[in-house]
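Please read the structure below before turning to the comments.
Number of protein chains: 2
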Amino acid sequence: MAEDRTGDRSAYHHGDLRQALIDAGERELTEKGVEGFTLRGCAKRAGVSHAAPAHHFGDANGLLTALAALGFQRFLSCQKARQAEAASDPRSQLMAAGLGYVDFALAYPALFRLMFASSRADFSVAALSEAADAAFDYLVRGVEAIRGRDPYRDPVSMLDVMGTWGTVHGLADLMLSGRMKPLLAMPKAAREAALSEIIGRALPERADDR
Amino acid sequence: MAEDRTGDRSAYHHGDLRQALIDAGERELTEKGVEGFTLRGCAKRAGVSHAAPAHHFGDANGLLTALAALGFQRFLSCQKARQAEAASDPRSQLMAAGLGYVDFALAYPALFRLMFASSRADFSVAALSEAADAAFDYLVRGVEAIRGRDPYRDPVSMLDVMGTWGTVHGLADLMLSGRMKPLLAMPKAAREAALSEIIGRALPERADDR
DNA sequence: TCCGTCGTCTTGACATTGACAAGATGGAGG
DNA sequence: CCTCCATCTTGTCAATGTCAAGACGACGGA
Numbered sequence: 001m002a003e004d005r006t007g008d009r010s011a012y013h014h015g016d017l018r019q020a021l022i023d024a025g026e027r028e029l030t031e032k033g034v035e036g037f038t039l040r041g042c043a044k045r046a047g048v049s050h051a052a053p054a055h056h057f058g059d060a061n062g063l064l065t066a067l068a069a070l071g072f073q074r075f076l077s078c079q080k081a082r083q084a085e086a087a088s089d090p091r092s093q094l095m096a097a098g099l100g101y102v103d104f105a106l107a108y109p110a111l112f113r114l115m116f117a118s119s120r121a122d123f124s125v126a127a128l129s130e131a132a133d134a135a136f137d138y139l140v141r142g143v144e145a146i147r148g149r150d151p152y153r154d155p156v157s158m159l160d161v162m163g164t165w166g167t168v169h170g171l172a173d174l175m176l177s178g179r180m181k182p183l184l185a186m187p188k189a190a191r192e193a194a195l196s197e198i199i200g201r202a203l204p205e206r207a208d209d210r
Numbered sequence: 211m212a213e214d215r216t217g218d219r220s221a222y223h224h225g226d227l228r229q230a231l232i233d234a235g236e237r238e239l240t241e242k243g244v245e246g247f248t249l250r251g252c253a254k255r256a257g258v259s260h261a262a263p264a265h266h267f268g269d270a271n272g273l274l275t276a277l278a279a280l281g282f283q284r285f286l287s288c289q290k291a292r293q294a295e296a297a298s299d300p301r302s303q304l305m306a307a308g309l310g311y312v313d314f315a316l317a318y319p320a321l322f323r324l325m326f327a328s329s330r331a332d333f334s335v336a337a338l339s340e341a342a343d344a345a346f347d348y349l350v351r352g353v354e355a356i357r358g359r360d361p362y363r364d365p366v367s368m369l370d371v372m373g374t375w376g377t378v379h380g381l382a383d384l385m386l387s388g389r390m391k392p393l394l395a396m397p398k399a400a401r402e403a404a405l406s407e408i409i410g411r412a413l414p415e416r417a418d419d420r
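Here the protein sequences line up with chains G and F, keeping their order.
Residue numbers for the first sequence follow the working numbering, beginning at 1 and rising by one.
Residue numbers for the second sequence follow the working numbering, beginning at 211 and rising by one.
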């Protein structure tokens, strides 16, 4: 193992080809989308031979799986970034997470598609399943903070999780597809207000007072 | 033009290769998904040479575009099938359409992905854009029936359209992905009740009484 | 009835891609 | 200094999408 060294090691023994391929892979993904993604394109971007990626990721889906795992981490960051600017009450926090969810989808559409609508990322790989589970858990805890009950133990609260997730995910997915033109055409402030209004209907209220 | 004739015309001049390729394409799509779809595979299923499809659909995306258009028609059929079994009041009808939306996604997952999460279907083709617009229109009219206002002219009602669509779409998409395990694990009746509960929160109420 | 036209379908070819095998390179540890 | 072996390269093959050229045969006109 060559440890992490950033300098270009010229020619053989790149130094940190794994990370370089992930960076190249994300550019490839951003520019060509999941469906236009090629392993050889990534290798070219990283300046290595076409077969080099195999030694680090096995096959093309292996690299995509690593990218999806990275995506889930960034996904959570987007949610937390919104929450940092929001009021601290549980409901405002969950609402902010929802807006962050949409932020992520619009900022990284190809990554979003890879994570939620592709069969190429392999969720049986621990790094990915754990990242995805962490994102789900974060939502569950957000609902728990409002409901006061652990959704894993309280089926009614788990339905709130499903409802919140479904609503936010659907809005994000359709906006990313260019559908939802009325929403996309709005200026930012109005769009956020509209999203908040819609998401708010899906969020649970305080305790059991629904 | 050979008109429509169903008998096998043996060898050259298939008779209705276009339709045969659409049927073959749907099988290919069902078995391999959008990402595993190959034009040559479709040709083989239809019993013609690998280049035959080009004369009817141009390229691979052309066939996928035709399949997506067909998908949107079936999509509407699924919604109407549910509505035929539901109460006739506008709210029950829109709710039923939502359940039909989910039915479609679960029954034809590859088609759903092609229609909503792929860049391979070309929405600039009239046959597809019209089919997609018809499906959107159907939703708009469903909301209109509840609100009493034309969402195309009333922005507030259009937000109801977005909310309803987003919620139903998100639930369908996530269930199709195998996420939403708590929902998927439920027996059918309970699942439908849960879906109805969630969708109900997104649907508009009678007139302006929100 | 015969023949030419044109849409339909086939064969053949080529570039691209994913994947595999075998070999070259050079850092690390003995 | 020398060997090991992970890393990376080159070479190759099958599969695929697409294009070009030609074979086929239904149709309409003479």
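Every residue gets a Cβ at the ideal spot worked out from N, C-alpha and C, and that includes glycine.
Shown here for A253(F): same chain residues with a beta carbon closer than 6 Å to its own, the five before and five after excluded, namely H260, A262, P263 in chain order.
Rounded to whole angstroms, the gap between the alpha carbons of D383(F) and A20(G) is 33 Å.
Residues of chain F with a Cβ closer than 8 Å to the Cβ of M95(G) do not exist, since the nearest Cβ in that chain sits about 14 Å away. Across the set F322(F), E236(F), G268(F), the C-alpha of F322(F) shows the shortest separation from the C-alpha of C288(F). With contacts defined by Cβ atoms closer than 9 Å, I356(F) and R301(F) form a contacting pair.
Distance from the CA of R18(G) to the CA of A68(G), rounded to the nearest whole angstrom, comes to 15 Å. For A86(G), the closest Cβ of chain F is not nearer than 9 Å. Nearest Cα to F37(G) within the set G178(G), A110(G), V102(G): A110(G). Counting other Cβ atoms within 10 Å of its Cβ, Y362(F) stays below 16 and is therefore classed as exposed.
DSSP, read as helix, strand or coil, puts D299(F) in coil.
Taking C-beta atoms under 8 Å as the contact rule, V143(G) and S157(G) qualify, at a distance of about 6 Å. Against A404(F), the close residues of chain G are L159, M162, in the order they occur along the chain (beta-carbon pairs closer than 8 Å). Taking a contact as a CB-CB distance under 8 Å, the pair L324(F) and G281(F) counts as one, their CB atoms being some 7 Å apart. Chain G has a Cβ within less than 9 Å of the Cβ of P365(F). Per the coordinates, the alpha-carbon of R237(F) lies some 31 Å from the alpha-carbon of M305(F).
Of all residues in the stretch 169 to 196 of chain G, those with a C-beta nearer than 7 Å to a C-beta of chain F are H169, G170, L171, D173, L174, S177, M180, P182, L183, A194, reading in chain order. At least one beta carbon of chain G lies nearer than 9 Å to the beta carbon of F346(F). Leaving aside the five residues that flank A315(F) on each side, the residues in its chain whose CB is nearer than 8 Å to its CB run, in chain order, F322, A382, D383, M385, L386. Taking the Cβ atoms as the reference, R120(G) lies roughly 6 Å from E245(F), within the contact range of under 8 Å. Take E402(F), set aside five residues on each side of it, and the residues of its chain with a beta-carbon closer than 8 Å to its own are L309, in chain order. Pairing R179(G) with F346(F) gives a Cβ-Cβ distance under 9 Å. Only those residues of the stretch 235 to 266 of chain F whose C-beta falls short of 9 Å from the nearest C-beta of chain G are listed: G243, V244, E245, G246.
Using a Cβ-Cβ cut-off of 9 Å, T167(G) counts as an interface residue toward chain F, since at least one Cβ of chain F sits closer than that to its own.
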